[in-house]
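Scroll down for the structure; my scribbles are underneath it.
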Amino acid sequence: MLTAPKLDYALLAPILIILGAALVGVLVEAFIKQAWRAKLQLAIALGGIIIAFEQLFRVRNQTSSIAAVTSVSIDGVGIFMQGAILVFAFLGILIIADQDNFAPQASALPGSSEEATALQSGKQQTEVFPLTLFAVSGMMLFPIATDFITLFVALEVLSLPLYLMAGLSRRRRLLSQEAALKYFLLGAYSSAFFLFGAALLYGYSGTLSLNGLTDAIHGSGGNDVFLLLGIAFLSVGLLFKVGAVPFHSWTPDVYQGAPTPITGFMAAATKAAAFGATIRIFYVGLDAAQLSWKPIISIIAVITMVIGSVAAISQRDMKRLLAFSSIAHAGFILTAVVSLNKNALSATLFYLAAYGVATIGAFGIVTLVRDSAGEVSDLNRWVGLGKKSPLVASVFSLFLLSFAGIPLTSGFVGKFSIFSAAYESGNIYLVVAGVLSSAIAVFFYLRIILMLFFADATNDSVSVIIPSLLTRISITISALVTIILGVAPSLLLNVAQNFAYFLR
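My numbering puts the first residue of the sequence shown at 65, with every later residue one more than the last.
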């Protein structure tokens, strides 16, 4: 006799609320007049995120490994990551609400009369709100999933909306569509690698659960060919999502071509979700086989830090520069992943939260820098911006200083925590590589700041538009959090320390 699966709806409610809000958004697109959609979709999205966060806060001290049979685990890391993703979604939606960044009709050919007609009529791409919420639901499921089927479903749910949204940029339409196609094709390959890895690990262990995989490794010694190949294939899929070398080639192109609000949201939330799943898989499912994966991941961490930092020096586009910066940060976080101790786990949680907030703020600033044709990301056009708009340039410099790890910013605390954890675990070479890469990164960050404030503006320089109220709120919150976590890091470090545990 079949029995219905037992579900703890209170613990699953944050994800269900986001999914419900996304479905309501789809109905709005189908039945509500165009003129009313933008404000209604914004209210639904923000309301859903706030209610989901409130419910998550209610259950923050409740844990369960059987909230959805054994497919998810509601534990400290899962709750922290879900909270961080909801914060990123809230800040990202505030910037996404500026519809001027999106094509009026995505299905129209770039430069066609159909696109011109849609632009003149004031049509808005409000589908972006439910798409964002669908992506958020997948991101919230990914870090708490404890079996390979749920992991794969979450991976696809978070990825598919991002593939679509990457091609919605109003300006540089061909570049945006190229970015979306490249992201989709490479993302499909990475998902295939992930699925092949999961299949091989199932063939090795006879189970789809991470706990069952651990038991199988303990029983066999962890030297099976299926196990090694499964780890390799699974790692490719995960490393693609976090943007680690050598699976990073999509990152600069997609970051440059996608609408800037989507780039900021994707850079923060996707990285958090992917690293949340990565640390769960390596800490829970593959802990007993760490001798098989730790040396390779350590090498990848070093290469990622170095290549990300060095490649950023030669970039002449602000969004591509931030993309390579993101790659370098992925290497820093991988340093903590291979350290395998509680301090490394809490440092990872803090770093992801601090980096994500600063990233959304930085891309929010990029949306404000424009000329008569629209948004400008060419670095040569940013020369002297600090003299034209000192406040905007100063806030952007704050985010760059945080990325560089300068004291009194959240980035400094994050890097210090990660390097300290790596040192405690004996990974001295990772600390040395991280410090050297950080020194390289400081060079190109400071070069940009000097360019903003101490160089004379050119004739074709840009201006800064007055941000909308929602964009202003998002950037202000991001800046304040970056400063507060740099001055009083214990506010979040203690929380991260308390939530740095897995249910096994």
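Heads up, the beta-carbon is just placed ideally off N, CA and C, and yes, glycines get one too.
Give the range of the alpha helix (DSSP H) segment to which residue i is assigned.
i, result
"residue 318", "314 to 321"
"residue 357", "354 to 377"
"residue 487", "474 to 488"
"residue 242", "237 to 269"
"residue 399", "382 to 401"
"residue 288", "From DSSP, residue 288 is part of no alpha helix (DSSP H); its letter is neither H nor E."
"residue 333", "Premise fails: residue 333 is in no alpha helix (DSSP H) and is neither H nor E."
"residue 558", "554 to 562"
"residue 536", "533 to 551"
"residue 196", "192 to 205"
"residue 501", "492 to 518"
"residue 407", "406 to 430"
"residue 466", "454 to 468"
If you follow the beta strand (DSSP E) that residue i is part of, which residue opens it and which one closes it?
i, result
"residue 433", "433 to 435"
Is residue i near the ligand MG, in the sense that its beta carbon is under 7 angstroms from a heavy atom of that ligand?
i, result
"residue 359", "No copy of the ligand MG appears in this structure; indeed no ligand is present at all."
Here's the rule I'm using: 16 or more other beta-carbon atoms within 10 Å means buried, otherwise exposed. How should residue i be labelled?
i, result
"residue 270", "exposed"
"residue 542", "buried"
"residue 69", "exposed"
"residue 493", "exposed"
"residue 118", "exposed"
"residue 347", "buried"
"residue 551", "exposed"
"residue 558", "exposed"
"residue 100", "exposed"
"residue 192", "buried"
"residue 237", "buried"
"residue 252", "exposed"
"residue 163", "buried"
"residue 122", "exposed"
"residue 98", "exposed"
Using a threshold of 8 angstroms, state whether the C-beta atoms of residue i and residue j are closer than that.
i, j, result
"residue 211", "residue 293", "no"
"residue 205", "residue 109", "no"
"residue 222", "residue 365", "no"
"residue 189", "residue 152", "no"
"residue 334", "residue 226", "yes"
"residue 326", "residue 508", "no"
"residue 532", "residue 434", "no"
"residue 370", "residue 497", "yes"
"residue 215", "residue 132", "no"
"residue 560", "residue 413", "yes"
"residue 111", "residue 74", "no"
"residue 382", "residue 446", "yes"
"residue 418", "residue 549", "yes"
"residue 553", "residue 477", "yes"
"residue 143", "residue 120", "yes"
"residue 569", "residue 254", "Because the chain is modelled from 65 through 568, residue 569 falls outside the range shown and cannot be assessed."
"residue 318", "residue 243", "yes"
"residue 311", "residue 303", "yes"
"residue 104", "residue 96", "yes"
Where does residue i sit, in a helix, a strand or coil, going by DSSP?
i, result
"residue 138", "strand"
"residue 128", "strand"
"residue 106", "helix"
"residue 93", "helix"
"residue 309", "coil"
"residue 121", "helix"
"residue 528", "strand"
"residue 152", "helix"
"residue 233", "strand"
"residue 75", "helix"
"residue 280", "helix"
"residue 299", "helix"
"residue 99", "helix"
"residue 164", "helix"
"residue 223", "helix"
"residue 218", "helix"
"residue 521", "coil"
For residue i and residue j, which I take to be in contact (beta-carbon distance under 8 angstroms), what is that distance rounded to the nearest angstrom?
i, j, result
"residue 485", "residue 405", "6 angstroms"
"residue 291", "residue 281", "7 angstroms"
"residue 141", "residue 344", "7 angstroms"
"residue 161", "residue 534", "5 angstroms"
"residue 320", "residue 387", "7 angstroms"
"residue 474", "residue 422", "7 angstroms"
"residue 538", "residue 150", "Not confirmed; about 14 angstroms, so no contact."
"residue 126", "residue 138", "7 angstroms"
"residue 489", "residue 403", "4 angstroms"
"residue 208", "residue 309", "In fact, because the Cβ distance is near 28 angstroms, the residues do not count as touching under 8 angstroms."
"residue 350", "residue 295", "6 angstroms"
"residue 521", "residue 451", "6 angstroms"
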